[in-house]
Amino acid sequence: MNIEAMEIKDDSADKSNAPQHHWLLLALGSLGVVYGDIGTSPLYAVRECFSSAHGLPVTEANVLGVMSLILWSLILVVTVKYLMFVMRADRHGEGGVLVLMTLTAPSRFTRKFRWPILFMGLFGAGLLYGDGMITPAISVLSAVEGLEVATAGMHAYVVPIALIILLLLFSIQNWGTNGVAKWFGPLMLLWFFVIALLGVRAIVHQPGVLWAVNPVLAVRFFLVNGHLGLTTMGIVFLVVTGSEAVYADMGHFGLSPIRRAWLVVVLPSLVLNYFGQGALLLSDASAVSHPFYLLAPQWGLYPLVLLSTVATVIASQAVISGAFSLTSQAIELGYCPQLEVRHTSIEEPGQVYVPAINWGLCAAVIGLVLVFRSSGNLAGAYGIAITTTMIITSTLMYIVARRLWNWPRYVALLVCGLFLLFDLGFFAANVTKIPEGGWFPLLVGLVVCFVMVTWRMKHPASQR
């Protein structure tokens, strides 16, 4: 398996030098395609942290501790790790774990590490396919479940409505990323504005929640709660589960528009909404059943459910587009059969649509909805795949930093070691989810890895 022969270039397709109006359109489009996943986590993350199934009481110390964990997870994982470091590693402007694998090819390292590098890259790619199945299911279900808050007796209709929405989502993928982003970008901009406004509304009534910016409260939360704190950490991870999808989708829009959209719109909106939910819980512990929807006034509940449903449909776009990008990369590198790949944009060559992957994901997502039937049940399957991929990313990043960027060993160890320490903490907190459904994305990852390796060994001439 000669992965040394892969052509590696460090050129970036960053669009920072594009005309201003083009850059703004790319940033707006990234809201709808890249940040949908991470942008809809407020629907269920805080609720799951204080779910009765986990036994964390709604006290002032616990609420502030969880808010602090959420804030610093967003800053350290998404802002620092991915947007500042990981996304600098691109291949012809594209990102993702397969790109990291090619950048750490044995020609730049040593032959004895060829197989571990290969396995990590392909297994990480397989895990993202598993995430691409779970994210649409849990996101759409969590939004449609808002109908149960608005109207009694809607429980029986949640699954059928979710299935119809998901079928419509996968049916429009052939429009291409540009066609989807044209509608999804403005809608997600509205979503982020609304959730920020809801958060501010609650914070004004309970400004004490702002003490959660102090990271000491997060540390104290662990010291006081022990094992329960570790379990909560696994649930807090839900707020950053879209991070790998952001990296995988880099080729669709470029680093600069994605980075600026995060700093200007996404991060402030998410923090305000999470803190707003925390403020609500400080005022009324009984709001723990649906803290997101209860931020809204009664008259705004139905419009919020509708907007949430639209946003979660868009959230699914991030992992679907990421799956298309990964498949295109795998075909190019000779690890996947020659599936039909449609390039949907002349200006952005990274924007692709793969019909076989689209309908395969659609079938898997529908199956998950029919089996698990609620977002709470699916939460157990969510997280373990992404934490594993994050560990792989941090490990491969060390090799890239040393061999490609020529960082001194101590600098690479310090930076990547800190990232890996954080990743391992999240992984340890999510290990308990494996029997609850976490085995599913791991199984998908292993199957995809096996298929890719087998295809490459049987068809070595397919390497490009």
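Take the sequence shown: its position 191, counted from the start at 1, is 172 in the working numbering, and no numbers get skipped.
Every residue, glycine too, gets a C-beta built ideally from N, C-alpha and C.
The structure presented is a predicted model; accordingly, all values stated were derived computationally and were not measured.
If you look at S270, you'll find it isn't in any alpha helix (DSSP H); DSSP assigns it neither H nor E. Proximity of the region 377 to 394 to the region 347 to 363 falls short of the contact definition, fewer than three beta-carbon pairs being nearer than 8 Å. In the DSSP assignment, V286 forms no beta bridge with any residue.
DSSP, reduced to helix, strand and coil, places V333 within a strand of the structure shown. For N411, the closest alpha carbon among the candidates L50, F94 and L211 is that of L211. Listed in chain order, the alpha helix (DSSP H) elements of length 4 or more contained wholly in the region 45 to 106 are 78 to 84. A contact is defined here as three or more CB-CB pairs under 8 Å, and the region 297 to 317 fails this definition with respect to the region 268 to 286.
Spanning the alpha carbons of L287 and G281 requires a straight line of approximately 10 Å.
For T368, the enclosing alpha helix (DSSP H) has its first and last residue at I365 to R384. With a beta-carbon spacing of about 22 Å, G127 and G364 fall beyond the 8 Å limit used to define contacts. Residue nearest to L168 within the set A311, L285, Q154 and S267 is L285 (criterion: CA-CA distance).
Judged by DSSP in its simplified three-state form, R241 adopts helix. Secondary structure note for V15: it is in no alpha helix (DSSP H), with a DSSP letter that is neither H nor E.
Annotation: the continuous alpha helix (DSSP H) that includes N254 extends over L248 to S264. Assigned with DSSP and collapsed to three states, R354 falls in coil, not helix or strand. In the three-state DSSP reduction, H324 falls in the strand class (E or B). Taking 7 Å as the cut-off, the Cβ atoms of G166 and G13 count as close.
The beta-carbon distance between T21 and A292, rounded to whole angstroms, is 5 Å. This is short enough to meet the 8 Å contact definition. As the crow flies, the alpha-carbon of S33 is around 22 Å from that of V139.
As the crow flies, the alpha-carbon of G232 is around 8 Å from that of S306. For F421, the enclosing alpha helix (DSSP H) stretches over residues W420 to K439. Shown here, M135 sits in coil according to DSSP, grouped into three states, outside any helix or strand.
Spatial neighbours of M135 in its own chain (CB-CB distance under 8 Å, excluding positions within 5 residues in sequence) are listed in chain order as L128 and E129. The residue among Y110, A177 and L108 with its C-alpha nearest the C-alpha of V245 is A177. Inter-residue distance for P117 and V185 is about 33 Å (C-alpha atoms, whole angstroms). Residue nearest to V227 within the set W4, G10 and W156 is G10 (criterion: CA-CA distance).
Minimum Cα-Cα distance from T213 among the listed residues P188, S54 and V428 corresponds to S54. In the structure shown, G166 falls within a helical segment according to DSSP collapsed to helix, strand and coil. F174 sits exposed, since fewer than 16 C-beta atoms from the chains shown fall within 10 Å of its C-beta. Within the same chain, and ignoring the five residues on either side of W156 in sequence, no residue has its Cβ closer than 7 Å to its Cβ. DSSP, read as helix, strand or coil, puts L37 in coil. Between V335 and S375, the alpha-carbon positions lie close to 28 Å from each other. The distance from the Cβ of A277 to that of L179 is about 6 Å, consistent with a contact at the 8 Å cut-off. The alpha-carbon of G113 is positioned some 25 Å away from that of L52.
Burial is judged here by how many other beta carbons sit within 10 angstroms of a residue's own beta carbon; I145 has fewer than 16 and is exposed.
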